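Protein chains: 2
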Amino acid sequence: MGKNILPEGNTVGKWFLPEGPNSDIVLSSRIRLARNLAGIPFLPRAEPKDQEKVLEMVKEALNEQRFLEEGYFLTENELSPLKLEFLKERHLIPLDFVRSERKRGIYIKRDETESILINEEDHLRLQSLTSGMDLFSAYEKIENLDNTLSEELPYAFTPEFGYLTTCPTNVGTGLRASLFLHLPGLVITKEIEKVLRSLLEMGLVARGIYGEGSETKGNLFQVSNQITLGLSEEEILEKVTKVGEQIVEYEKKAREFLMRDFRLAIEDKIARAYAILKNARLLNSEEATNLLLLVRLGINLNLIKEVDLKTINILLILIRPANLQIYYNQEMEERERDEKRASLVRSVLSNG
Amino acid sequence: MGKNILPEGNTVGKWFLPEGPNSDIVLSSRIRLARNLAGIPFLPRAEPKDQEKVLEMVKEALNEQRFLEEGYFLTENELSPLKLEFLKERHLIPLDFVRSERKRGIYIKRDETESILINEEDHLRLQSLTSGMDLFSAYEKIENLDNTLSEELPYAFTPEFGYLTTCPTNVGTGLRASLFLHLPGLVITKEIEKVLRSLLEMGLVARGIYGEGSETKGNLFQVSNQITLGLSEEEILEKVTKVGEQIVEYEKKAREFLMRDFRLAIEDKIARAYAILKNARLLNSEEATNLLLLVRLGINLNLIKEVDLKTINILLILIRPANLQIYYNQEMEERERDEKRASLVRSVLSNG
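Just so you know, the sequences run in chain order R and E. Counting from 1, position 157 in the first sequence corresponds to residue 157 in this note's numbering; the numbering is continuous, with no gaps. Counting from 1, position 15 in the second sequence corresponds to residue 1015 in this note's numbering; the numbering is continuous, with no gaps.
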């Protein structure tokens, strides 16, 4: 039931492990490139046969360039609702892709650091994910993938506008650079509103971690560039990185302030979260996420030492509803999931 | 600062230890007798000099009968607001006594099982407390105290109305029999409303554990007879006992039902409560009470085995704001109390 789409010996994508720079605050960096094929109608007007043509061309190109053997190529008829949800929870597809009626496909490299969506909003969406604050190396990888594919595929490009895209906000470089941030300090001190407002003024945008329209829950935020036209790729990467570094500084200051002036209240919150995770018999997804994020903060503040960030990051993915079911290779109702989730978290943290 | 009013070697009143019958559900039984002295105006009309006279007469009677050496006699000028609150938390005085402007006093036997309020609502209120469901032995003790005092004091009594009291609902035997009940099963299954309504029909009344006007918080209830005229002492005791036994049966059934049909949810609630108590850095009085009562239920359901009922019952008293301060012999602001309370509970339960 889909265990085959899990990379062997690796329970979550490599990009979600806390290995990159500043990964106490920046969970990961993501680059997305929008590309379309010349001579085929863009998606809002593409017929099913056009969509199939795109799928064939991309698959062929991936095959030619030996990408297929490094990952998985799946089309929509191979993707059950559960598998789609699983991929969404792993940030490999957006909500629109789940809901779409089109002939669509996805290519995922085994370690989940690179992927390509076919017939989402554009003919191709190339995605690269890395751990921590590291947009430049994410970009390097995707540039490589993009260049290789461009040898096989006729991209729609004009010297005046650059890469042509379905949505005008993506025209130009077609590049969107995002950072996934964990900002409990700024949320608790209520500084976050100020930070989010100043982002807008700088042409950046903050969203929930599951993209457009998703709520910013559990102190997780996704910060991206708003426009892609008029700036070079390098300028976009530099801008988002610079702002990201600024936010990291603010978050560190907020944490220092909390530890200086509200240490006991923070210790209390974190000790309770850890205790509940180690003892609860039922845990829903939202509560588990919030508690794990508090423990994550506790580890970063040196208040919890028996468990490491990697374990918490892995749990943050595995406890999500579809991931949990695929992990246990078993379809489960909500109540059963809550029980299994609690039991998974309990056993992992007791051995932590 | 008042450690002297704590019985030596005994951290809470003997009546609060889980030694009596059905003490998994019935925390304790209480008997109160209202008595007034003939020839002295009843309290609403008594002048300060009348009030002093009552105090003197009672103290003299206690001395004559060698009660003074078995306990403490304290007048209102020896009772700081903190000590008054301490006594209220231990169910030795009611709220009215704390707020009163009268010359008033209290006699407390060392083990807190017997006490006498002087110039509360009546000249004398005799109180006897026992552990568990045991109104008859509580009554036996108080009858003894009452008889002995009546040798020294001229009680106001008429053959027609019995003992005369300030409030008409106490006229007659002047006896109020109460049970302190812990009814989480009935509360969780929402059967409690039905039970409380049927009590009223039988002439009984349910209140919060701190008497009239106090809320029924944390699944604790006080059930007493409503009227004292027209029934003999024995009839009152039998009636309250019979109803109490009925409630105990309902509560047992509710617990069985929960353990059969909602075991996991109950285990979850109890495991979380225990984990929070063992790990929190800050605990307010209300939360601590609710969590301790859940652990109490957990012990009674055999879900928690490392700690016993006695420990929980003692904590339920010691964590109350005034008791906590007197236990630590230190006046504390709310925040400091929350910290000390958490630390006391943590250390007791970790060694439990």
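Ideal Cβ positions, reconstructed from N, Cα and C, are used throughout, including at glycine. Small disclaimer: the values here were computed from a predicted structure and weren't measured.
Interface with chain E (7 Å Cβ-Cβ cutoff): Leu-258 of chain R is excluded.
Within the segment 1280-1293 of chain E, contact with chain R at the beta-carbon level (separation under 9 Å) is assigned to Ala-1280, Arg-1281, Leu-1282 and Leu-1283. Rounded to whole angstroms, the Cβ separation of Leu-1294 of chain E and Asp-1338 of chain E is 19 Å, and the two are not in contact under 8 Å. Residues of chain E whose Cβ lies closer than 8 Å to the Cβ of Asp-261 of chain R do not exist; the shortest such Cβ separation is about 13 Å. Annotated as proximal: Ile-317 of chain R and Val-12 of chain R, with beta-carbon spacing under 7 Å.
Considering only E:Glu-1238, E:Gly-1105 and E:Asn-1147, the residue with the shortest C-alpha distance to Met-1057 of chain E is E:Gly-1105. Under the three-state reduction of DSSP, Lys-1305 of chain E is assigned to coil, being neither helix nor strand. Shown here, Thr-130 of chain R sits in a strand according to DSSP, grouped into three states. By the CB criterion at 7 Å, Ala-1206 of chain E and Leu-1196 of chain E fall inside the cutoff.
Not a single C-beta of chain E is nearer than 7 Å to the C-beta of Leu-324 of chain R. Scanning E:Lys-1305, E:His-1123 and E:Leu-1117 for the CA closest to the CA of Ala-1046 of chain E turns up E:His-1123.
For Arg-272 of chain R, the neighbours in chain E by C-beta distance under 7 Å run, in chain order, Ile-1276, Asn-1279 and Ala-1280. If only uninterrupted alpha helix (DSSP H) runs of at least 4 residues are considered, those enclosed by the segment 1192-1259 of chain E are 1192-1201. Under the criterion of beta carbons closer than 8 Å, Lys-109 of chain R and Glu-70 of chain R qualify as touching, at roughly 6 Å. Non-local C-beta neighbours of Leu-1291 of chain E in its own chain, meaning closer than 7 Å and more than five positions away in sequence, comprise Ala-1273, Ile-1276 and Leu-1277, ordered along the chain. For the segment 1102-1153 of chain E, the full-length beta strand (DSSP E) segments reaching 3 residues or more read 1105-1109, 1114-1118 and 1124-1131 along the chain. For Leu-1301 of chain E, not one C-beta of chain R is nearer than 7 Å to its own C-beta. In the DSSP assignment, Ala-1280 of chain E falls outside any beta strand (DSSP E), carrying neither H nor E. When C-alpha distances from Leu-315 of chain R are compared across R:Asn-329, R:Glu-336 and R:Ser-347, the shortest belongs to R:Ser-347. Annotation: the continuous beta strand (DSSP E) that includes Tyr-72 of chain R extends over 71-75.
For Glu-1267 of chain E, the neighbours in chain R by C-beta distance under 9 Å run, in chain order, Arg-281 and Leu-282. Leu-179 of chain R is positioned such that its CB atom lies closer than 7 Å to that of Val-223 of chain R.
Here Ala-1046 of chain E carries a coil assignment [DSSP, helix/strand/coil]. Across the segment 327-347 of chain R, CB contacts with chain E closer than 8 Å involve Glu-339 and Ala-342, in sequence order along the chain. Under the three-state reduction of DSSP, Val-187 of chain R is assigned to helix.
Here Leu-200 of chain R is exposed: its Cβ has fewer than 16 other Cβ atoms, across all protein chains shown, within 10 Å. Identification of chain E residues near Leu-315 of chain R by a Cβ-Cβ cut-off of 8 Å yields none; the smallest Cβ-Cβ distance measures about 18 Å.
Any Cβ of chain R closer than 7 Å to the Cβ of Leu-1349 of chain E would place that residue at the interface, and such an atom is absent. Secondary structure at Thr-1173 of chain E: coil, using DSSP grouped into helix, strand and coil. The C-beta distance from Trp-1015 of chain E to Thr-1113 of chain E rounds to 5 Å, short enough to fall under 8 Å. Each of R:Leu-204, R:Glu-334, R:Gly-208 and R:Gly-244 was checked against the Cα of Asn-225 of chain R, and the nearest Cα belongs to R:Leu-204. Around the beta carbon of Arg-1341 of chain E, 16 or more other beta carbons lie within 10 angstroms, which makes this residue buried.
For Leu-264 of chain R, the nearest beta carbon of chain E is closer than 7 Å to its own beta carbon.
One alpha carbon belongs to Ser-1115 of chain E, the other to Glu-1193 of chain E, and they sit about 33 Å apart. In the DSSP assignment, Ala-156 of chain R falls outside any alpha helix (DSSP H) and carries neither an H nor an E. Remark: C-beta atoms of Leu-1145 of chain E and Ile-1236 of chain E do not approach each other more closely than 7 Å.
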